[in-house]
Structures are given as C-alpha cells and as structure tokens.
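Just remember that the numbering used here sits 19 ahead of the position in the sequence shown, which is counted from 1.
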Amino acid sequence: MLCPLSQEENEDIDHLLFQCNYATRIWGKLLQWLGIAKQVLDWKAEVEWAVANAKGKTSQQEVYRMALVGGVYHIWKERNARVFDTRQRTTDHVVR
Ligand SMILES: [Zn+2]
C-alpha cells in the first residue's frame, strides 16, 4: 500500500497523482512551462479547475489539457515501472 514513488505515504489516487512529492515536482515543472500560477490540488479539485479554466478551444487551454492527461499517464506509467520492472526515472526525465 506504500506509494512506490516516494515510499512515504499510502498509495491512493490523490497522493499518487497529485500530493506525492514526486508528482508535485512534475506538476510544478509542467505548470511553470505552461505559465500557470496555481497550486497542485487533489484529483477532484484538479478536474474542477480544468473544467472551469481549460474547456475552451484556445491553444493554451488545449495544451493544458494535453499536459494534464500526459502528466497523469506518465506518473501512472512511472508507478507501474517501479512496481513491476523495478526501474526508476527522475522527475526531469518524466517531464521531458
Ligand atoms: Zn508518494
């Protein structure tokens, strides 16, 4: 049940994808790259923020949605690599 990314807390959706130190570093870098000044929230609040702020057709909104989906995918992929393949990547590698 321990988070395979940080080994610090129990693994649940909020911790693994948004509250984990590893995930927070990834989101921080992505948000900085996107030029968005906001804190990393929990899963429900992140979805609400995206619906309120990124459901339009502007290029910035579309890129944000891709970054959100890509971030979730790659954090989950990194989690699985650590659990099943015992491989580890740095947050810089995951962001790239
Ligand atoms: Zn963690």
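Glycine is no exception: its CB is placed at the ideal position from the N, C-alpha and C atoms.
Note that the structure is predicted; figures quoted are calculated from it, not measured.
Any non-hydrogen atom of ligand 1 closer than 6 Å to residue i Cβ
i          : result
residue 21 : no
residue 25 : yes
Residue i, DSSP secondary structure in three states
i          : result
residue 21 : strand
Between the CA atoms of residue j and residue i - distance to the nearest angstrom
i          : j          : result
residue 88 : residue 27 : 25 Å
residue 61 : residue 67 : 10 Å
residue 59 : residue 79 : 18 Å
residue 25 : residue 40 : 7 Å
Span of the alpha helix (DSSP H) around residue i
i           : result
residue 43  : 40-53
residue 88  : 78-99
residue 104 : Residue 104 -> no alpha helix (DSSP H), and no H or E assigned at all.
residue 64  : 62-72
If you pair each beta-carbon of the stretch 38-57 with each one of the stretch 104-115, do three or more pairs fall below 8 Å? yes
Check whether the stretch 70-88 touches the stretch 34-41, counting contact only when three or more Cβ pairs, one atom from each stretch, lie closer than 8 Å. no
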